[in-house]
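Student: First the structure, which I've put down as structure tokens, then a few questions once you've had a look.
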Amino acid sequence: MSQNYDAGMYDSVTIKHVGELDLIEIERPECSASLTLQGGQLISYAPRGEHPVLWRNPDVAYQKGEAVRQGVPICWPWFAFLERNADPVRNSFPIQEAPAHGVARNALWRLLSITEEETSTAIAFELNAEPLGLKAVVTYRLGAVMKMELESFNLSDQPKHLSCALHTYFAVSDIQQVSVLDLDDLPYIDSLRGWSLHKQDGPLHIAEEVDRIYYDTPAILRIHDKKWERFIVLESSESRSAVVWNPWIEKSKRLSQFSPDSYKHMLCVETGKLLNDYIELEPGQSYTLDLTLSSRR
Numbered sequence: 609m610s611q612n613y614d615a616g617m618y619d620s621v622t623i624k625h626v627g628e629l630d631l632i633e634i635e636r637p638e639c640s641a642s643l644t645l646q647g648g649q650l651i652s653y654a655p656r657g658e659h660p661v662l663w664r665n666p667d668v669a670y671q672k673g674e675a676v677r678q679g680v681p682i683c684w685p686w687f688a689f690l691e692r693n694a695d696p697v698r699n700s701f702p703i704q705e706a707p708a709h710g711v712a713r714n715a716l717w718r719l720l721s722i723t724e725e726e727t728s729t730a731i732a733f734e735l736n737a738e739p740l741g742l743k744a745v746v747t748y749r750l751g752a753v754m755k756m757e758l759e760s761f762n763l764s765d766q767p768k769h770l771s772c773a774l775h776t777y778f779a780v781s782d783i784q785q786v787s788v789l790d791l792d793d794l795p796y797i798d799s800l801r802g803w804s805l806h807k808q809d810g811p812l813h814i815a816e817e818v819d820r821i822y823y824d825t826p827a828i829l830r831i832h833d834k835k836w837e838r839f840i841v842l843e844s845s846e847s848r849s850a851v852v853w854n855p856w857i858e859k860s861k862r863l864s865q866f867s868p869d870s871y872k873h874m875l876c877v878e879t880g881k882l883l884n885d886y887i888e889l890e891p892g893q894s895y896t897l898d899l900t901l902s903s904r905r
């Protein structure tokens, strides 16, 4: 697993081998969670005694080198197809065949540390992307709320521009009982309508395939689940852009690691630094994107 992990050192941490991957499992009075070194990814998270905050995908595949469609895949240092990013981001990565969503989500990260605190367990992973002149460190604090920090470092002697998204799969009772709040009057790019520009009118209700990039977003976004009588609250002091995605019926039939009816029970609201909300790093500089998730009545 790692020289930083000793089974006898931690009360809340165990290792479980699933498929081709090792999962780091957390069991605390406040929550349960699991993570994997592949992608430096949080796989599951549920406050104790509540519905999971993150969607549990019954068709998920734990395979080496393949993105895990569950939890919080990290899209970094660009989002979606590189050519869709802002010019400064594209110019920072003159790559012939750039993988969609960057290099982080399929890569094997290194375990930096595990720290058991009074009300949470903190786990940090590191990804050295030296060929791109970058390094990333992601830290999770898992307790009654989930706190995540993704820090990007410029290792090169040239300025770097990058974008990223925390591609969070949220668990919902029934997609038609759910609305996304705090988007009213915000501009968004609709990738399903030729990447055209639109403006949100009121809460967002999902009744068809949705794939939108919102910008000028507030520090807090909420998902209201009427059936489960809860709000999932996303807080980020740095992000001013977000993606909302649900594949709906027809696309669900074509997706890997996805059942035809899985769209009913998940919704992606992705905290990001996207479009013109990209990260600018001078040589030696770093930048931290934060995300806090909580479940509230």
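In short: position in the sequence shown from 1, add 608, done, that's the numbering used here.
Yeah, the Cβ is synthetic: ideal placement off N, Cα and C, and Gly gets one too.
This one's a predicted model, so the numbers in the text were calculated from it and none came from an experiment.
(1) Are there three or more Cβ pairs, one per stretch, closer than 8 Å when the region 822 to 834 is compared with the region 873 to 893?
(2) Please name the residue, chosen from A850, Q704, R848 and S867, that lies closest to I588 on a Cα-to-Cα basis.
(3) Where R636 and A688 are concerned, what is the direct C-alpha to C-alpha distance, given to the nearest angstrom?
(4) Let me know the secondary structure DSSP gives W853 once reduced to three states.
(5) Can you tell me the Cα-Cα spacing of V621 and V753, whole angstroms?
(6) Reducing DSSP to helix, strand and coil, say where D782 ends up.
(7) By Cβ distance, which residues of its chain are closer than 6 Å to W836, with the 5 residues on each side in sequence left out?
(8) Check whether the region 668 to 681 and the region 768 to 782 are in contact - that is, three or more C-beta pairs closer than 8 Å.
(9) Residues in its own chain within less than 7 Å of L812 by CB, not counting five upstream and five downstream?
(10) Find the nearest neighbour of N736 within the set K872, V746 and L899, judged by alpha-carbon distance.
(11) Roughly how many angstroms separate the alpha carbons of A732 and K672, rounded to a whole number?
(12) Just the Cα atoms here: how many angstroms apart are Q646 and S847?
(13) Should Q649 go down as buried or exposed, given a rule of 16 or more other Cβ atoms within 10 Å for buried?
(14) Taking the continuous beta strand (DSSP E) assigned at D819, which residues delimit it?
(15) Could you spell out the range, first to last residue, of the alpha helix (DSSP H) harbouring N699?
(16) Are E724 and D819 touching if we call contact CB-CB under 8 Å?
Tutor: Reading from the atomic positions:
(1) These segments touch.
(2) For residue 588 there is no data in the structure shown, the boundaries of the chain being 609 and 905.
(3) Numbered from 1 along the sequence shown, position 28 holds the residue referred to as residue 636. Numbered from 1 along the sequence shown, position 80 holds the residue referred to as residue 688. Spanning the two alpha carbons is a distance of roughly 35 Å.
(4) Residue mapping note: residue 853 aligns to position 245 of the sequence shown, counting from 1. In the structure shown, W853 falls within a strand segment according to DSSP collapsed to helix, strand and coil.
(5) As a first step, residue 621 is located in the sequence shown; it is residue number 13 there, counting from the start. As a first step, residue 753 is located in the sequence shown; it is residue number 145 there, counting from the start. Taking C-alpha positions only, V621 is separated from V753 by approximately 17 Å.
(6) Here residue 782 is taken as the residue at index 174 of the sequence shown, counted from 1. DSSP, read as helix, strand or coil, puts D782 in coil.
(7) Your numbering for residue 836 matches position 228 in the sequence shown. Here the set comprises H659 and S781.
(8) Short answer: they touch.
(9) Position 204 of the sequence shown, counted from the start, is the residue given in the question as residue 812. If we look at L812 and ignore the five residues flanking it on each side, its Cβ neighbours are S787, V788, L791 and V852.
(10) Within the sequence shown, numbered from 1, the residue matching residue 736 stands at position 128. For the residues K872, V746 and L899, the minimum Cα distance to N736 belongs to V746.
(11) Along the sequence shown, one-based indexing puts residue 732 at 124. Along the sequence shown, one-based indexing puts residue 672 at 64. If you take the alpha carbons of A732 and K672, they lie about 20 Å apart.
(12) As a first step, residue 646 must be located in the sequence shown, where it is residue number 38. As a first step, residue 847 must be located in the sequence shown, where it is residue number 239. Their Cα atoms are separated by approximately 24 Å.
(13) On the sequence shown, position 41 is the one that residue 649 refers to. Counting Cβ neighbours within 10 Å, Q649 comes out buried, since at least 16 surround it.
(14) Here residue 819 refers to the residue found at position 211 of the sequence shown. Unbroken beta strand (DSSP E) run through D819: V818 to Y823.
(15) To locate residue 699, count along the sequence shown from 1; it is residue 91. Following the DSSP letters along the chain, one finds N699 inside the alpha helix (DSSP H) bounded by residues D695 to S700.
(16) Counted from its first residue, the sequence shown places residue 724 at position 116. Counted from its first residue, the sequence shown places residue 819 at position 211. Contact: no.
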